[in-house]
Structures are given as C-alpha cells and as structure tokens.
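Visitor:
Residue numbers (the UniProt record's numbering): 1 to 359.
Here it is in structure tokens:
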C-alpha cells in the first residue's frame with residue numbers, strides 16, 4: 001500500500017520579506033520551478049501520489065501556483081487553516097485524510113533526496129516515527145538533536161540560544177509517522193512538531209528514529225539563500241555549458257554576451273549586447289539592456305534592467321524596472337518598483353507598497 005503525504009506550507013516567511021509580501025515562500029522560484037515542487041517531486045519518486053497541503057498565508061496564491069506546476073499523476077488536496085495551527089496542528093486538522101503511516105514534508109524548504117530510502121529504513125526498524133536530520137554549520141535557527149549510538153534521539157531543542165547549542169545535527173523537516181501519534185496533538189490552538197510534539201513523545205517514552213539525508217537540503221529563508229538555492233539546483237539538474245559548469249537556458253542569448261555558470265535563463269528573456277550574467281537566475285520575460293552586469297542574483301519574471309546597470313548579490317522581484325547606469329548590491333527590490341536612472345542601492349530591502357500582515 002502506498003503511503004499518503006502531507007506538505008506543510010502555511011508559514012509567512014517573515015525572514016524573506018519583502019519577497020514574501022507578494023508571493024508565499026513555497027512559491028519562491030528555484031531553477032525554474034517553485035521550491036515546493038522539489039518536495040512534491042521527491043514524494044512522487046518515492047511512490048507517494050496522494051498528498052494534502054496545509055496552508056494559510058496567501059493560500060489562494062499558493063493553491064494557484066501549485067496547481068500550475070504539479071505533476072499530473074499526483075492527487076493534491078488543500079487544507080486551509082482559518083487560524084494558525086502550528087506545524088503539527090495543521091497535520092492534525094488533516095487527520096481524516098491520513099492512513100496508518102504517512103509522510104510529512106516542509107513545503108518552504110528546498111528538499112531533494114531519496115525519501116523512498118528513508119521509508120524503507122523506517123519500516124526496517126519498525127519505528128513509530130522517523131525524522132530526517134542533516135548537519136549544518138550554524139544550527140541556531142533550527143531544532144537541534146542529540147542522537148544515540150542506535151540512531152534514536154536522546155534530546156531535542158528548538159532554536160537554541162548561544163550557550164545552549166549541543167549539536168550540529170538539525171531537524172530537516174521530513175517525518176514518517178504512525179497515525180496513532182496524532183492523539184498527542186491537541187485539536188485546538190497552535191502546536192508544533194519540533195517545539196511541542198517531539199519533546200512530548202520523548203517524555204512518553206516513544207522512541208524517535210532518525211535518518212541522515214544524502215542529498216540537497218537548504219532552508220531558503222533569507223534572500224542570499226534563494227540565490228544559493230538556484231545555483232545548487234542548476235548545478236544538479238542543468239546541462240554542461242562550455243565545460244565551465246551547468247546551465248539551464250531556454251532563450252537565445254547573443255554571442256556578444258558572457259555567460260558564466262551556474263546559470264538559469266527562462267523563456268522569452270531578451271539580453272542586450274555586451275552584457276554579462278554569472279551565477280544567476282533570470283526568469284521568464286525579463287529584458288536586459290546592453291552593457292549590463294548581473295552577478296550572483298535572481299531576477300524574477302517580467303522585470304526590466306536597462307543599459308549599463310550592475311546587479312550583484314541581489315534579488316529583483318517580478319515586474320520591476322531598473323533604469324540606466326544603476327548599481328544594486330546585496331539588496332532585495334520588491335515587485336513593481338521603478339528605479340530611476342543612476343540610482344545606487346546598497347544593502348537594503350525596498351518595498352513597492354505598504355503591506356499589512358495577513359492572518
């Protein structure tokens with residue numbers, strides 16, 4: 001019997017503002033498709049075709065984006081939370097959809113590894129719950145775990161303080177669990193896996209197994225991580241380009257331009273003469289003028305970058321126009337901005353409008 005899957009996609013992505021003012025974090029583009037598509041594809045490769053996505057923030061945009069990009073052989077339902085229920089609480093709401101054993105994944109984290117192998121390990125060890133873990137350089141933004149010699153969690157701490165860190169092994173946001181464990185999640189209020197459920201299970205003497213992932217994992221929670229995510233996935237899925245790296249190029253680029261991988265160039269992109277694009281992702285319908293330099297950046301759909309402008313280590317949202325001879329460094333520009341000729345923007349996040357938080 002094939003397992004069912006739950007994808008958690010209800011967060012606001014506050015660290016990614018102003019990007020997430022206009023699009024939910026799971027729809028942030030990575031190498032030509034939304035970040036949520038990678039966990040959906042990983043589920044499909046492991047035999048999971050029936051999926052429910054829990055959502056809340058900007059749910060209409062999320063649903064539209066998922067349906068436009070989903071695998072035609074996957075059956076996807078959506079559970080819209082009227083009030084934030086937390087990661088575990090959102091899964092509890094979808095309880096009637098789930099069978100004896102199911103798989104949970106985070107839709108706003110770049111996840112691309114063999115979940116099928118994780119399922120086999122879970123079944124082999126006859127665990128009640130198995131969580132995917134990975135090692136990171138800075139664990140302060142994540143739930144850290146201490147693991148015993150048999151691969152079970154000894155203790156767990158969500159987002160440790162400076163003097164509380166006892167491990168570089170973190171919760172990677174993919175879980176395989178028995179439906180019976182849902183009884184430990186209350187039906188009302190906010191309840192999270194890492195902060196609430198896992199400590200509760202440990203206190204009840206329930207063993208939590210672990211699976212060290214071998215593949216791509218990246219929390220694209222900050223603009224620089226979005227740039228890195230695009231580079232990583234182009235390197236994984238792109239084709240060799242002039243022996244210098246990998247590229248995914250869907251538009252014709254003039255011979256006078258310099259292309260330095262890893263590069264993603266979408267459909268309908270116009271690139272002017274003597275321009276340079278290196279380590280960047282340029283999405284559908286973008287217009288780039290002559291003598292433009294784009295380095296380690298992401299340019300989202302239908303934006304325009306005019307002659308002589310330089311964009312470095314930045315994210316430019318969709319439908320934004322940057323005038324001639326501008327310099328953009330280490331910044332994020334929101335959608336529908338119009339930057340005048342000669343503007344210089346360094347280490348700031350510019351928003352095009354005042355946006356209120358959505359509940």
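Glycine included, each C-beta is placed from N, C-alpha and C at the ideal position.
Per DSSP, what are the beta-bridge partners of residue 156 in this structure?
Guide: BP columns for residue 156 point to 145.
Visitor: From which residue to which residue does the beta strand (DSSP E) around residue 4 run?
Guide: Its beta strand (DSSP E) spans residues 4-9.
Visitor: In this structure, how does DSSP classify residue 105 when only helix, strand and coil are distinguished?
Guide: Residue state, collapsed to three classes: strand.
Visitor: Spatial neighbours of residue 133 within its chain, please: C-beta separation below 8 Å, excluding the five flanking residues on both sides.
Guide: Around residue 133: 145, 147, 169, 170, 171, 172, 210, 211, 212 and 213.
Visitor: Can you tell me the Cβ-Cβ gap for residue 332 and residue 230, rounded? I've got them flagged as a contact below 8 Å.
Guide: 14 Å between Cβ atoms; not a contact.
Visitor: Taking only heavy atoms of the ligand ADP into account, decide whether any of them is closer than 7 Å to the Cβ of residue 332.
Guide: The model depicted lacks the ligand ADP and carries no ligand whatsoever.
Visitor: DSSP has residue 329 in a bridge; who is on the other side?
Guide: Residue 329 is bridged to 312 and 346.
Visitor: Could I get the ranges of all uninterrupted beta strand (DSSP E) runs contained in the region 54-138, with 3 residues as the minimum, in chain order?
Guide: Complete beta strand (DSSP E) runs here, min 3: 75-80, 101-106, 110-112 and 129-135.
Visitor: Any chance you could list the beta strand (DSSP E) runs of at least 3 consecutive residues sitting entirely within the region 260-290, in chain order?
Guide: Taking only runs of at least 3 residues, the beta strand (DSSP E) segments lying wholly in the region 260-290 are 263-265 and 276-278.
Visitor: Can you give the beta carbon distance from residue 10 to residue 34, rounded, assuming they're within the 8 Å contact cut?
Guide: With 8 Å as the limit, residue 10 and residue 34 do not qualify as a contact, their Cβ atoms being about 15 Å apart.
Visitor: Can you tell me whether residue 166 is buried or exposed? The criterion is at least 16 other CB atoms within 10 Å of its CB, across all chains shown.
Guide: So residue 166 counts as exposed.
Visitor: What whole-angstrom Cβ distance do residue 185 and residue 92 have, given they're in contact under 8 Å?
Guide: Contact flag correct, Cβ pair sits at about 4 Å.
Visitor: What's the C-alpha gap between residue 319 and residue 122?
Guide: So the alpha carbons of these two residues sit roughly 46 Å apart.
Visitor: State the Cα-Cα distance for the pair residue 50 and residue 30, rounded to the nearest angstrom.
Guide: About 24 Å.
Visitor: If we ignore side chains and look at the alpha-carbon of each, how far apart do residue 343 and residue 237 end up?
Guide: One C-alpha to the other measures close to 36 Å.
Visitor: Quick one: what does DSSP say residue 296 is sitting in, helix, strand or coil?
Guide: In this structure, residue 296 counts as coil in the three-state DSSP scheme.
Visitor: According to the neighbour-count rule (16 or more other Cβ atoms, all chains shown, within 10 Å of its Cβ), is residue 348 buried or exposed?
Guide: Exposed: under 16 other Cβ atoms inside 10 Å.
Visitor: What residues match up with residue 171 in a beta bridge as DSSP calls it?
Guide: DSSP output for residue 171 lists 133 as bridge partner(s).
Visitor: So, are the CB atoms of residue 258 and residue 244 less than 8 Å apart?
Guide: Not in contact: residue 258 and residue 244 (Cβ atoms no closer than 8 Å).
Visitor: Tell me the DSSP secondary structure of residue 197 in three-state form.
Guide: Residue 197: helix per DSSP, three-state reduction.
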